[in-house]
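Chains as they are written, first to last, in the working numbering: chain A, 2 to 438; chain B, 2 to 136.
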Amino acid sequence: MAVEPAASATATAVATAAARPAQKPVQGAFSGAALRADFPAFDTPTHLGKRLVYLDAAASAPKPRAVIDALADTYAHHYANVHRGIYELSEDATGRFEAARRKVAGFIGAPSAREVVFVRNATEAINLVAYSWGRTNVGRGDHILSTQLEHHANIVPWQQLAREVGATLDYVEITDDGRLDMDDLRRKLEARPKLVAVSQVSNALGTISPVAEVVELAHAVGALVLVDGAQSAPHMPVDVTALGCDFFALSGHKMLGPSGIGALWGRRELLDGMPPFMTGGSMIIKVTLDGAEWNEVPYKFEAGTPAIAEAIGLGAAIDYLEALGMDRVREHERYLVEHAWAALGEIPGVWRLGPADPELHAGVISLVLEGIHPHDVATVFDHEGIAVRAGHHCAQPVMLRYDIPATTRASFYVYNDLDDIAALTDAVRSCQQLFNA
Amino acid sequence: MDNLYRDFILEHYRNPHNKGVLDPHDLHFADSNPTCGDEMSMTLRLDEARQRVTDVAFDGRGCAISQASASILTDELRGKTLDEITALDPKDVLEELGVPIGPARLKCALLGYKVLQGAVSGGEVAWPEEAEAAP
Chain A
2 MAVEPAASAT ATAVATAAAR PAQKPVQGAF SGAALRADFP AFDTPTHLGK
52 RLVYLDAAAS APKPRAVIDA LADTYAHHYA NVHRGIYELS EDATGRFEAA
102 RRKVAGFIGA PSAREVVFVR NATEAINLVA YSWGRTNVGR GDHILSTQLE
152 HHANIVPWQQ LAREVGATLD YVEITDDGRL DMDDLRRKLE ARPKLVAVSQ
202 VSNALGTISP VAEVVELAHA VGALVLVDGA QSAPHMPVDV TALGCDFFAL
252 SGHKMLGPSG IGALWGRREL LDGMPPFMTG GSMIIKVTLD GAEWNEVPYK
302 FEAGTPAIAE AIGLGAAIDY LEALGMDRVR EHERYLVEHA WAALGEIPGV
352 WRLGPADPEL HAGVISLVLE GIHPHDVATV FDHEGIAVRA GHHCAQPVML
402 RYDIPATTRA SFYVYNDLDD IAALTDAVRS CQQLFNA
Chain B
2 MDNLYRDFIL EHYRNPHNKG VLDPHDLHFA DSNPTCGDEM SMTLRLDEAR
52 QRVTDVAFDG RGCAISQASA SILTDELRGK TLDEITALDP KDVLEELGVP
102 IGPARLKCAL LGYKVLQGAV SGGEVAWPEE AEAAP
């Protein structure tokens, strides 16, 4: 019995939010303020009694009630192990779990849900490819190409692979305004790498990279392309078929879903040819004391009991985002980033990183306040109720590129609006007053 | 905010005491805060018996909390024996700072202490338990 989990309830919740009278004219594609009512995290004032201004979606996003309810409802009424029990409850859980897989496939334009592997997060998805595909297909003297723009999750697994098999790892350089240097990409593709590992959106700078073009250039020299979609899948329409990439990694917790669930999409023939990553229960067809036969994809890569309720919760997050429309989500953030970029640019002593063109800039703005350490900035912001990330954002090569130890990063999502941007610029000014007085 | 960034913290940040590198020196150590990558070094001079600190300096860039904490800590060190420094309690360092330090900033506040203990013991020491709540 495969029941679509709570899809209608979620759609209703979103419809209600959209229909709620906005306090002021809608800013962007929809009213961020109205959507905040869907997120219980905004019900509670911060520790100093301020309204929570959450500008850290790039680290992890808060959860709408529909996702929290889907988790609770699964555990309360639909929970059993999946793919095992010959009883109604297990069949119910399996149906909901597999329905979530189909939602992920539909969300990223995958040709088949069979090509979607549930993992913990994008980091695990990339590690799966590095261990399983990498150790089978990359050998001594081979090349792998990553970029200077990557999160550590799309660097360190390739460093480990290169070290183990004796391959060479190189990085595409970035321009002063944080874009991939496409000429450098072309040059480095001449080494004919086996794989290009590139993020669609930079978590540190917000740069939207021309991934379809990267794929075209990489395929022309016979390289496969893994796209780190941890920062793109939550914020813009993604179509892996149109991108033409070979692997795509995403994290559920950054797209309003639960933590502990993510997905790897890979082309079927690649997944079929890859050995298992983790081994154990579920991923086998037959085990004797002498050996085992692997299950078909995606189950071959899902050893042990998966994050069942979390996968179903991710499905609810996808329902929520699709009810808003990913085009409108992107339009909303483009609007916010354009306003924030302009407003911050009016403040002397503020250095904005990344591309100035909002078309190339996802809802992430990395800032440096001259003479003030990002940790101090974040603490001052915290006292104003504003949650931002301060640090190297797990992208130390980006920090090295600009010779800075860290930045203060504000990142936007559907529940943000111009009031949040005003709170951000006010806090920048009070921070400067405190430290530069 | 007014609690954390009191005037004397900001004063130590803007005009840190004992900032720089002693050359020559008897002890030297450098370490970093993994949360933000800030690096700090410390150099110390000892008396002839190599028992007591005669001079100390710290160097590096960092946030107001780490810089003020190192500035205040190094003010206390001249005339202390190495044994007395080893016996310093990180709780006293936090108390000396005199402002409430949240879990996310404990490593900032104790970076100077960690570098000092590294210099005295001749190698990297673990973060004190007090800093373990920090991310």
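The beta-carbon is built from N, C-alpha and C at its ideal position, and this holds for glycine as well.
Note that the structure is predicted; figures quoted are calculated from it, not measured.
Query	Result
A:Ile262 beta carbon less than 9 Å from that of A:Ser233	no
First through last residue of the beta strand (DSSP E) which encompasses A:Tyr414	Segment: none, A:Tyr414 is in no beta strand (DSSP E) and carries neither H nor E.
Classification of A:Thr11 by the beta-carbon crowding that lies within 10 angstroms, buried from 16 upward	Because A:Thr11 carries a pLDDT of 42, less than 50, the predicted location of this residue cannot be relied on, and no value is offered for it.
Minimum Cβ-Cβ distance from A:Leu435 to chain B less than 9 Å	yes
With 16 other Cβ atoms within 10 Å as the buried cut-off, status of B:Thr87	exposed
Residue of A:Glu385, A:Lys255, A:Gln434, A:Ala205 minimising C-alpha distance to A:Gly50	A:Glu385
Residue-chain proximity (A:Asp377, chain B), Cβ-Cβ < 9 Å	yes
Neighbourhood of A:Gln249 by C-beta distance below 7 Å, restricted to the same chain and skipping five residues each side	According to the sequence provided, residue 249 of chain A is Phe. The question's Gln does not apply to it. Ile109, Val228, Gly230, Val241, Trp266, listed in sequence order.
Spatial neighbours of A:Glu332 in its chain, beta-carbon cut-off 6 Å, leaving aside the 5 residues before and after	Ala30
Endpoints, alpha helix (DSSP H) assigned at A:Arg269	269 to 274
Option nearest A:Ala221 by Cα separation, candidates A:Val239, A:Leu190, A:Leu206	A:Leu190
Segment contact flag, the segment 58 to 66 of chain B with the segment 77 to 93 of chain B, C-beta cutoff 8 Å, min 3 pairs	no
Interface residues of chain B facing A:Ala59 [CB-CB closer than 8 Å]	Residues of chain B passing the Cβ test: none, with the nearest at roughly 16 Å.
Opening and closing residue of the alpha helix (DSSP H) in which A:Asp291 lies	Unbroken run through A:Asp291: none, as it is neither H nor E.
Cβ-based neighbour list, A:Tyr336, same chain, cut-off 6 Å, excluding 5 preceding and 5 following	Gly29
DSSP beta-bridge partners of B:Arg46	B:Asp56
Straight-line Cα distance separating B:Ala58 from A:Ala213	53 Å
Exposure of A:Tyr88, with buried meaning 16 or more beta-carbon neighbours within 10 Å	exposed
Assigned exposure category for B:Arg103 - 16 Cβ within 10 Å defines buried	Position check: residue 103 of chain B holds Gly in this sequence, whereas Arg was assumed. Exposed, by the Cβ-count rule.
Close-in-space but distant-in-sequence residues of the same chain around A:His393 (CB under 6 Å, 5 per side omitted)	Met400, Ala407
Contact with chain B by A:Ala23, beta-carbon distance below 9 Å	Note on A:Ala23: pLDDT 42, under 50, position unreliable in the model; no value is reported.
Assigned secondary structure, B:Arg15 (DSSP; H/G/I helix, E/B strand, else coil)	helix
CB of A:Gly316 within 9 Å of CB of A:Ala101, strictly	yes
Reference B:Thr75, options B:Lys108, B:Arg106, B:Val116, closest by Cα	B:Val116
Chain A contact for B:Arg79 (CB, 9 Å cutoff)	no
DSSP three-state assignment for B:His29, whether helix, strand or coil	strand
Option nearest A:Thr280 by Cα separation, candidates A:Asp291, A:Gly305, A:Val298, A:Glu311	A:Gly305
Beta-bridge partners of B:Trp128, as assigned by DSSP	In DSSP, B:Trp128 forms no bridge with anything.
DSSP state of B:Leu117 mapped onto helix, strand, coil	helix
Nearest neighbour of A:Leu271, chosen from A:Val298, A:Met284, A:Lys255 [CA to CA]	A:Val298
Residues bridged to B:Glu40 (per DSSP)	B:Ser33
Neighbourhood of A:Val389 by C-beta distance below 7 Å, restricted to the same chain and skipping five residues each side	Leu56, Asp57, Ala379, Phe382, Thr409, Arg410, Ala411
Beta-carbon gap between A:Leu146 and A:Ala219 smaller than 9 Å	yes
A:Ala23 versus A:Pro46 - alpha carbon distance	A caution first: A:Ala23 carries a pLDDT of 42, below 50, which makes its placement in the model unreliable, though a value can still be read off. One C-alpha to the other measures close to 21 Å.
Contact set for A:Ala363: own chain, Cβ-Cβ below 6 Å, skip 5 residues either direction	Val202, Gly207, Ile209, His236
Contact belief for A:Ile422 with A:Ala310 at Cβ below 8 Å, rounded distance in angstroms	Not quite, the Cβ-Cβ distance comes to about 35 Å (not below 8 Å), so this is no contact.
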